[in-house]
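In what follows, a single structure is set out as structure tokens and then discussed.
Numbering (mature numbering (1 follows the signal peptide of the UniProt record, and there is no 0)), first residue to last: -27 to -1, 1 to 713.
Following this line, the structure appears as structure tokens:
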């Protein structure tokens, strides 16, 4: 299909936004609409089928809330703009994660500017967490109503609220041109909404926007740093080095609560150890200092921890206990705690509660010395700590001393132990009653290190007692045979019936870690229960598909091909975010995506947009070299970032190398170069963008990397999986040269 044809189709589709599909026709085509209409009084149905400005005049709010979004998407501009404020509030309630983003776009497009602003207000009051595609739609309509982000006011961004997370990297870059107040509003709204799920490109452009707004980091004030605190882990260590100690110290309250990576925390800690403007050497710190530092203590070196004052440690145990220290740091801190508090056999329950998180750094022999009664009294805190298997065995044995023989335990007793019950030997678990075994499985369901033999024995006993519930088994599901799953009733046992939107909690379904063969078998049962996805009366609506969670890894070609066009991009977003697919499945998913978006020849990819690329996510790595070459210059760097997020563990070396070559071409084009970028030309930003694609560089090319660029990206390079011996040797040599 030619680009001219695609442009014509796109233009026609956009024009159709303002036109109304005949409601009778829609009801005939969409059985869900027909079912909804059939329950309405005849006069109300007639008005809706007729459309026009008065279509919703006599339609009650509760009816509006129950109508499929496709009704509003196709009823026409006059009908939407004829809706009053109260009816718009009811309409907002239909904008759930189950609403196809294309339909949401049609509805928003039909609204007047004032209606759209009212809708934004309603969405801020909603507890519904929209998908990325849906958030991107709100941003798109905001641009239609308000112009480019560079023209937006701070008030415009505040109206978007958490939906500002739908800004793609180029839009964030444009927003930085809108002025200080507008940019500050964006970082405030995005920070409030949470930054964990931001893409690499979004994080990068937010930091770049801060540089444009506030200037270089060496000129940032404490107020600036407080505003940017949540984005600190997105900054390069060399940039953090430029911050003044005064600014860091002045923003300590905000920085102390941020979940820091070790490298960023260490750079900030170096500032705070300054003798004149910081807190001085760690050996002089008080308990108040340590409590004030919070998560920043993750940046303490082994020597720093060793020098901490005993009184300071005693007064800050609770704070230190909640810091996600590395295993080495936890071990060193535990030794300091022993020095400060004395032998573990003298510790009280309060001491153990306050130091619970640090206890994972104690050796099993130290845990063995803890007073049994004190351990029992502090079990609620201890069971929240991720102890190793050997540590859990020691603590479980202690608790057993207090609770008596496991054969006498009831369900409540096992719940008291929580995940620590995994430390019991199999012979003790075998003595538990059926109900207690079920409780133990629930407590251990998140532990993927439980040996299969122990899992099978526990499952066998729970099944024999008739108490087992499939939703409660979590990681134990992998020990089920395909024969075990034959009799599973997906409606009764997995809550995947006809009214699951308000059913079982998603967290239990999400904890089930299916094997592909298991997921395929269960998904076939779901297919039989829900019907054909192409049938508008089937239960394959987006909200229900989202409830499948890990079962989505069982998707097969014929099932995927049956999903309607208007929902496929939303389905793709779920699939791309899930991961765990085989190479064949990834190729299958991508092929279907290409068909849906008319991207069936490499040249078609020149029309691919940035928001489509973000929805495709790490599946971008599956595009061929020719398809990647066809991407527009504007999204070439973002394509590399999306490719870098893919799990390339176990892929053939030559395939990784090919993907790396494509990435180097894309980065060259982003710079305006025609030829492939040489490794020696890569900047630290580009190395960070490449991420896991760095595994495709040869040992010779690693040796050619610029020393400063390598230093600026070393924390990212160190996390890359898949380097061979020669590459690791080259990396060690490069590190030696870079830090000489």
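For each residue, glycine too, the CB sits at the ideal point set by N, CA and C.
Just so it is clear, the structure is predicted and the values come from calculations on it, not from any experiment.
Neighbourhood of residue i by C-beta distance below 7 Å, restricted to the same chain and skipping five residues each side
i, result
"residue 463", "469, 495, 498, 499, 502"
"residue 703", "672, 675, 676"
"residue 601", "612, 635, 639"
"residue 563", "592, 595"
"residue 194", "220"
"residue 561", "530, 533"
"residue 349", "372, 375"
"residue 64", "37, 45, 56"
Residue environment, residue i, which counts as buried when at least 16 other CB atoms sit within 10 Å
i, result
"residue 700", "buried"
"residue 581", "buried"
"residue 517", "buried"
"residue 474", "For residue 474, the pLDDT reaches just 44, beneath the cut-off of 50, and the residue's location in the model is therefore unreliable, although a value from the coordinates is still provided. Classification of residue 474: exposed, given that the 10 Å Cβ count is below 16."
"residue 566", "buried"
"residue 275", "exposed"
"residue 78", "buried"
"residue 339", "buried"
"residue 652", "buried"
"residue 544", "buried"
"residue 530", "exposed"
"residue 169", "exposed"
"residue 736", "Here the chain covers residues -27 to 713 and nothing more, so residue 736 does not appear."
"residue 212", "buried"
"residue 133", "buried"
"residue 187", "buried"
"residue 485", "buried"
"residue 198", "buried"
"residue 650", "buried"
"residue 425", "exposed"
"residue 628", "exposed"
"residue 192", "exposed"
"residue 625", "exposed"
"residue 709", "exposed"
"residue 76", "buried"
CB-CB length for residue i against residue j, believed under 8 Å
i, j, result
"residue 594", "residue 632", "6 Å"
"residue 110", "residue 81", "7 Å"
"residue 372", "residue 328", "Not confirmed; about 18 Å, so no contact."
"residue 341", "residue 364", "About 10 Å separates the two Cβ atoms, so there is no contact after all."
"residue 165", "residue 143", "Not a contact, Cβ separation roughly 23 Å."
"residue 53", "residue 84", "6 Å"
"residue 588", "residue 172", "Going by Cβ atoms, the distance from residue 588 to residue 172 rounds to 11 Å, so no, they are not a contact pair."
"residue 271", "residue 233", "5 Å"
"residue 298", "residue 352", "Residue 298 to residue 352, Cβ: 22 Å. No contact."
"residue 402", "residue 413", "6 Å"
"residue 489", "residue 526", "6 Å"
"residue 448", "residue 483", "Contact doesn't hold; Cβ gap of about 12 Å is too wide."
Beta-carbon proximity list for residue i, same chain, < 8 Å, skipping 5 on both sides
i, result
"residue 60", "29, 32, 34, 37"
"residue 229", "265, 266, 267, 268, 269"
"residue 39", "9"
"residue 606", "642, 643, 645"
"residue 130", "137, 148, 155, 158, 159, 162"
"residue 25", "49, 51, 52, 55"
Sequence-distant residues of the same chain with beta carbon closer than 6 Å to residue i, five excluded per side
i, result
"residue 301", "none"
"residue 476", "Legend: pLDDT at residue 476 = 47, less than 50; position of this residue unreliable, no value from coordinates given."
"residue 312", "none"
(message) Count Cβ pairs between the stretch 248 to 257 and the stretch 204 to 223 that sit closer than 8 Å; are there 3 or more?
(response) Flag = yes, the stretch 248 to 257 and the stretch 204 to 223 touch.
(message) Quick check for students: name the residue ranges of the beta strand (DSSP E) that lie wholly in the stretch 299 to 342, counting only runs of 3 or more.
(response) Counting only runs of 3+ residues, no beta strand (DSSP E) is found wholly inside the stretch 299 to 342.
(request) Taking only runs that begin and end inside the stretch 127 to 192, name each unbroken beta strand (DSSP E) of 3 or more residues, in chain order. (result) Here no run is fully enclosed.
(request) Could you tell me which uninterrupted alpha helix (DSSP H) segments, each at least 4 residues in length, are contained entirely in the stretch 621 to 652, listed from first to last along the chain? (result) Runs of the alpha helix (DSSP H) inside the stretch 621 to 652: 626 to 644.
(request) Evaluate contact between the stretch 236 to 244 and the stretch 280 to 291, counting only Cβ atoms and requiring at least three cross-stretch pairs below 8 Å. (result) Contact between the stretch 236 to 244 and the stretch 280 to 291 is absent, with fewer than three C-beta pairs closer than 8 Å.
(message) Report the start-end ranges of each alpha helix (DSSP H) in the stretch 216 to 243 that is 4 residues or longer and not cut off at the edges.
(response) Segments of the alpha helix (DSSP H) lying fully in the stretch 216 to 243: 218 to 223, 225 to 228.
(message) Runs of 3 residues minimum, wholly inside the stretch 440 to 503: which ones carry the beta strand (DSSP E) assignment?
(response) Qualifying beta strand (DSSP E) stretches: none in this window.
(message) Quick test of the definition: if touching needs 3 or more C-beta pairs under 8 Å, does the stretch 155 to 165 touch the stretch 200 to 218?
(response) Yes, since at least three Cβ pairs between the stretch 155 to 165 and the stretch 200 to 218 fall closer than 8 Å, the two stretches touch.
(message) When you compare the stretch 654 to 663 with the stretch 620 to 629, are there three or more beta-carbon pairs, one atom per stretch, that lie closer than 8 Å?
(response) By the Cβ rule, the stretch 654 to 663 does not count as touching the stretch 620 to 629, because fewer than three pairs are nearer than 8 Å.
(request) Flag this pair as touching only if the stretch 113 to 122 and the stretch 547 to 562 have three or more C-beta atom pairs under 8 Å; answer yes or no. (result) In short, these stretches do not touch, since the Cβ pair count stays below three.
(request) Taking 8 Å as the threshold, find out whether the stretch 396 to 407 comes into contact with the stretch 422 to 442 through three or more Cβ pairs. (result) Yes: the two stretches touch, three or more of their Cβ pairs being nearer than 8 Å.
(request) Jot down the residue ranges of each uninterrupted alpha helix (DSSP H) in the stretch 532 to 568, minimum 4 residues, whole runs only, in chain order. (result) Listed in chain order, the complete alpha helix (DSSP H) runs (minimum 4 residues) inside the stretch 532 to 568 are 538 to 551.
(request) List in chain order: all unbroken alpha helix (DSSP H) runs of 4+ residues lying wholly within the stretch 390 to 427. (result) Along the length of the stretch 390 to 427, whole alpha helix (DSSP H) runs at least 4 residues long occupy 399 to 402, 407 to 417, reported in chain order.
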